[in-house]
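Here the structure comes first, spelled out in structure tokens, and everything after it is commentary.
Number of protein chains: 2
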Amino acid sequence: MKVVVHVVLKPGVLDVQGKAVEAALHGLGWPGVADVRVGRTIEFDLPAADKAAAEAEARAMCEKLLANTVIESYRIDAE
Amino acid sequence: MKVVVHVVLKPGVLDVQGKAVEAALHGLGWPGVADVRVGRTIEFDLPAADKAAAEAEARAMCEKLLANTVIESYRIDAE
């Protein structure tokens, strides 16, 4: 089963990468761009009986490895 | 307008970060995980008249800054 995990910084956590991108976009001629946030996605194939099982496994992976849950939140899409 | 840009490595380009995550997941007890690919998302607010205009601007941003189009492809979602 194909699983996509989206990891983003929690609201309120300073996104320095986003700030750098925002400053670069302003400099390149898009002064109106605001609130830039950079996240990451992890896609993978997972052998699982059904969608619920895949999501449960992916959640465990996020808690253990894929996300730093102190500062990041994650969303799981299993297809 | 809220814009989300998804950037992923093109098929065939070796994803070393994905390989590292895959090896770590195997070591943590998920030997069945395969084809791990890591991408990134850039979310931002953009003043634009309509969805088509926002997408056109975001496409220009991708070509200039957000994606390395030699090895990466991108997808734009404007809402």
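Taken in sequence, the protein lines are chains C and D. When we follow my numbering, the leftmost residue of the first sequence carries the number 1, and every step to the right adds one. When we follow my numbering, the leftmost residue of the second sequence carries the number 1, and every step to the right adds one. Using N, Cα and C, we set each Cβ at its ideal position, and we do this for glycine too. As the structure is a prediction and not an experimental result, all values here were calculated from the model.
Distance CB(residue i)-CB(residue j) smaller than 8 Å
i	j	result
residue 15 (chain C)	residue 33 (chain C)	no
residue 60 (chain C)	residue 54 (chain C)	no
residue 4 (chain C)	residue 18 (chain C)	no
residue 69 (chain D)	residue 41 (chain C)	no
residue 2 (chain C)	residue 73 (chain C)	no
residue 58 (chain D)	residue 46 (chain D)	yes
residue 28 (chain C)	residue 24 (chain D)	no
For residue i, the three-state DSSP class (helix, strand or coil)
i	result
residue 78 (chain C)	strand
residue 90 (chain C)	In this structure chain C extends from 1 to 79, so residue 90 (chain C) is not present and cannot be described.
Span of the alpha helix (DSSP H) around residue i
i	result
residue 25 (chain C)	16 to 27
residue 63 (chain D)	Note, residue 63 (chain D): premise wrong, no alpha helix (DSSP H); not H, not E.
Own chain residues within Cβ distance below 7 Å of residue i, not counting five before or after
i	result
residue 75 (chain C)	6
Start-to-end residues for the beta strand (DSSP E) that takes in residue i
i	result
residue 13 (chain C)	Residue 13 (chain C) -> no beta strand (DSSP E), and no H or E assigned at all.
Contacting residues, own chain, Cβ-Cβ under 6 Å from residue i (five flanking each side not counted)
i	result
residue 51 (chain C)	78
residue 43 (chain D)	4
residue 67 (chain C)	7 and 74
Cβ neighbours of residue i in the same chain (closer than 8 Å, five flanking residues each side left out)
i	result
residue 71 (chain C)	9, 10 and 13
residue 26 (chain C)	33
residue 63 (chain D)	69
residue 21 (chain D)	36 and 38
**Request:** Would you list, in chain order, the members of the segment 37 to 56 of chain C that have their beta-carbon closer than 8 Å to a beta-carbon of chain D?
**Result:** Residues of the segment 37 to 56 of chain C with a Cβ closer than 8 Å to any Cβ of chain D, in chain order: 37, 38, 39, 40, 41, 42, 43, 44, 45, 46 and 47.
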